[in-house]
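What follows is a set of notes on a single structure, which appears directly below.
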Amino acid sequence: MLDVDGYDIRLARGACGLLREFNEAGVLTAADVQVAVRLGRLAPTSEEDVLLGAALAVRAPRLGHVCVDLAKIRTTVSTDLDEPIDLQALPWPDEGLWFDRLRDSPLVGADRPLHLEGTTLYLDRFWSEERQVAADLLALADAPAEGVDLELLASGLDRLFFSEDEPDFQRLAASSAVLRRFSVIAGGPGTGKTTTVARVLALIDEQAAYGGRPPLVALAAPTGKAAARLEEAVHQEAHRLPLEAEERARLLQLRGMTLHRLLGFNPGNRSRFRHHRLNRLAHDVVVVDETSMVSLSLMARLVEAVRSDARLILVGDPEQLASVEAGAVLGDVVGPASHGLLMRAPAMQALASAARQHLPEQDATTSRLAGSPVGDGVVMLRRVHRYGGNIARLAEAIQAGDGDGVVSLLAAGVGGVNWLPVDIAADGAAAELDLVRFAAVAIGRRLIEAARAGTAREAIDALGAFRLLCAHRRGPAGASTWMNVVERWLAAEIEGFAADGTWYVGRPLLVTENDYSLRLYNGDTGVVVAAGPGRVVAAFERGGEVVEVSPTRLASVDTVYAMTVHKAQGSQFDTVAVLLPAPDSPILTRELLYTAVTRAQRQLFVAGPEESIRAAVARPIARASGLRRALWGE
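What the sequence shown shows, in this note's numbering, is residues 149 to 782, in sequence order.
This is the structure:
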């Protein structure tokens, strides 16, 4: 990687001492080093270990961390270099002296660029945002919502929830969201999160009907696609639920939007919005779906903009892939409550009374942890209603970090779960994936025939029947490589198929940028279908209906025979084939494997060697953050 002068662009020009050694080892980038050097000039300080700490703090957000734990960094650090290197042999500073020098440094402290909390070092911005999010959430969570009619709530729960399970956790989650100003409806795919949200909104609307004006509700998500899916789910449930006509009409009027749109995006300032602490949102209820994708910075902007007397309802799966930016906010907020209810005694009593159900007994460990106001509103949904039993069991084994259990379930090859122990990056790997090829060609044939016949609905249904998922975008195991493989499979077996031209009939489309005028969002998928002699349209589904768009109006689309796991978040397919990279891939994690597996509803193919599977299960994303400790005291 050389620039025009023949200089390695990975190396910081002029760097020396510790910074140079860690830069050459691939631990620090040139940008990390240059920022640390600049801070040292501003302070001023020239102590090498202080500058190394600053560079590591700069590096942390780039990798998704909010801070760097200097006590653990030596054993957890990774390198950007391809060749193996002994990172333990680097000249790491003595920990005791390192912390002493940092504490005494002019770079560290109040109103300084860096903050040291125990053994963790933060850039000032992330330290401030973490403290602010914790304080705002604790304040919002510490008091129940006012004016809730418990009898009215109980009758509404009886009307909207029909399960004979006790406790019915969907019912408990809905009760908590009505009773509390801050609540979290957490759970994996198919556990009923968005259907519960629709019932919550109906119950809150019913409460308001007896006490004043209907609530002003915001449906939001970090992406346009997720916001549109939330809107569709609420509308579908509104049609099904036993509601008064006026209540149903109000739910059907709700529109999903991105968090940036809700807060009032300012094109001139990416980190500031029109709504903030001094100009709060007018909404009485703010629902945020796919919260696992929300970064610390965006959450800070959201919670400061929510009125202190409003309800904030977070929805999402804390086990899914986290935000591509710094933080794992949903995981930190749910914290130990992912294993069961962790409410304080008054909140437990109120919930049991409102839901009219017996709640699980708390043991000594649970009682000790149940001291945070945040826990009063967190309910984890566990019962899966969407995908098959063996897929659900596989997902549970992945969540538990049970490598032997995962391999055993895959090797059994029953219940819609299939394992193909193939090295995806090896030459000739495609020839060993007959089952995946058969599925891709069968669904591809359905899609192409429907597209040629101009039956857009059938083509869209076929598009959602199968998806090839990859960890990487490029490379031997990447989506772009396997996109070409699938095209070759289709060309070899489907008469007349050729991926020629931009808008060939049967081309599956992936929208890559939001288009609000068309109501198409990044991650939406569609199909090019015939619309008469010499004419084609791009067909998408919106709210259960087919929407046809002229291809000339589509500015940013890709072909989507394969896609990354990150892009697939929030989507479901009948059949999924997951292609795993080599065991040493830095993005091969437990969360990535869990997210990929839980995209399948009926049938799942996992292609990759046992080493890759075990590496993924054994490698949970561990993002350095102090938010969980600030919220839960642990």
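Where a beta carbon is used, it is the ideal one built from N, C-alpha and C, also for glycine.
Bridge partners - residue i, DSSP secondary structure assignment
{"i": "F753", "result": "N566 and A725"}
{"i": "P292", "result": "R328"}
{"i": "R615", "result": "V724"}
{"i": "Y270", "result": "H263"}
{"i": "V527", "result": "I333"}
{"i": "N414", "result": "None, per the DSSP bridge assignment."}
{"i": "D297", "result": "According to DSSP, D297 bridges with nothing at all."}
{"i": "N427", "result": "H424"}
{"i": "V216", "result": "L269"}
{"i": "H620", "result": "G626"}
{"i": "A748", "result": "F721"}
Extent of the continuous alpha helix (DSSP H) run through residue i
{"i": "E196", "result": "E196 to R210"}
{"i": "F170", "result": "G165 to E172"}
{"i": "L558", "result": "G551 to A560"}
{"i": "E452", "result": "L444 to A453"}
{"i": "I761", "result": "E758 to V765"}
{"i": "E597", "result": "D582 to A601"}
{"i": "W780", "result": "L775 to W780"}
{"i": "Q182", "result": "A178 to L190"}
{"i": "Q497", "result": "A493 to A503"}
{"i": "V256", "result": "V256 -> no alpha helix (DSSP H), and no H or E assigned at all."}
{"i": "V477", "result": "V477 to V482"}
{"i": "A474", "result": "Here A474 belongs to no alpha helix (DSSP H), and DSSP marks it neither H nor E."}
{"i": "T224", "result": "I221 to T224"}
{"i": "R541", "result": "G537 to Q547"}
C-beta contact flag for residue i and residue j at 7 angstroms
{"i": "V454", "j": "L460", "result": "yes"}
{"i": "L391", "j": "A356", "result": "no"}
{"i": "L741", "j": "G654", "result": "no"}
{"i": "G464", "j": "T439", "result": "yes"}
{"i": "L327", "j": "V522", "result": "no"}
{"i": "A203", "j": "L159", "result": "no"}
{"i": "D480", "j": "L775", "result": "yes"}
{"i": "L529", "j": "T339", "result": "yes"}
{"i": "T193", "j": "P254", "result": "yes"}
{"i": "A289", "j": "F330", "result": "yes"}
{"i": "T673", "j": "G336", "result": "no"}
{"i": "R767", "j": "G551", "result": "no"}
{"i": "P729", "j": "E759", "result": "no"}
{"i": "L298", "j": "A502", "result": "yes"}
{"i": "F614", "j": "I591", "result": "yes"}
{"i": "P466", "j": "V451", "result": "no"}
{"i": "R249", "j": "D316", "result": "no"}
{"i": "L743", "j": "Q468", "result": "It should be noted that the sequence gives Thr, not Leu, for residue 743. Yes, Cβ-Cβ distance for T743 and Q468 is below 7 angstroms."}
{"i": "V296", "j": "A346", "result": "no"}
{"i": "A163", "j": "N171", "result": "yes"}
{"i": "V526", "j": "A485", "result": "yes"}
Extent of the continuous beta strand (DSSP E) run through residue i
{"i": "T263", "result": "It should be noted that the sequence gives His, not Thr, for residue 263. From DSSP, the beta strand (DSSP E) with H263 extends over L262 to E265."}
{"i": "R459", "result": "R459 to G464"}
{"i": "E434", "result": "Here residue 434 turns out to be Val, not Glu, going by the sequence shown. It spans V433 to V436 - the beta strand (DSSP E) in which V434 sits, taken as one unbroken run."}
{"i": "E629", "result": "Just to set this straight, residue 629 is Thr in the shown sequence, not Glu. From DSSP, T629 is part of no beta strand (DSSP E) but of the alpha helix (DSSP H) over A627 to E641."}
Neighbour flag for residue i against chain D, beta carbons, 7 angstroms
{"i": "R541", "result": "No chain D is present in this structure, which holds just one protein chain."}
Counting beta carbon pairs with one atom in the region 617-629 and one in the region 674-689, are three or more of them shorter than 8 angstroms? no
Uninterrupted beta strand (DSSP E) stretches inside the region 345-410 (no shorter than 3 residues): 365-369 and 404-406
Residue ranges of each beta strand (DSSP E) run of no fewer than 3 residues wholly in the region 647-729, ordered along the chain? 656-659, 673-678, 684-690, 693-697, 705-707, 710-712 and 721-727
Stretch-stretch touch, CB-based, cutoff 8 angstroms, three pairs: the region 313-322 with the region 358-374: no
Would you check if the region 751-765 and the region 501-508 touch, i.e. whether three or more CB-CB distances between them fall below 8 angstroms? no
contact_flag[the region 647-662, the region 700-718] where n(CB pairs < 8 angstroms) is 3 or more: yes
Using a Cβ distance threshold of 8 angstroms, determine whether the region 569-586 contacts the region 621-641, with at least three qualifying pairs required. yes
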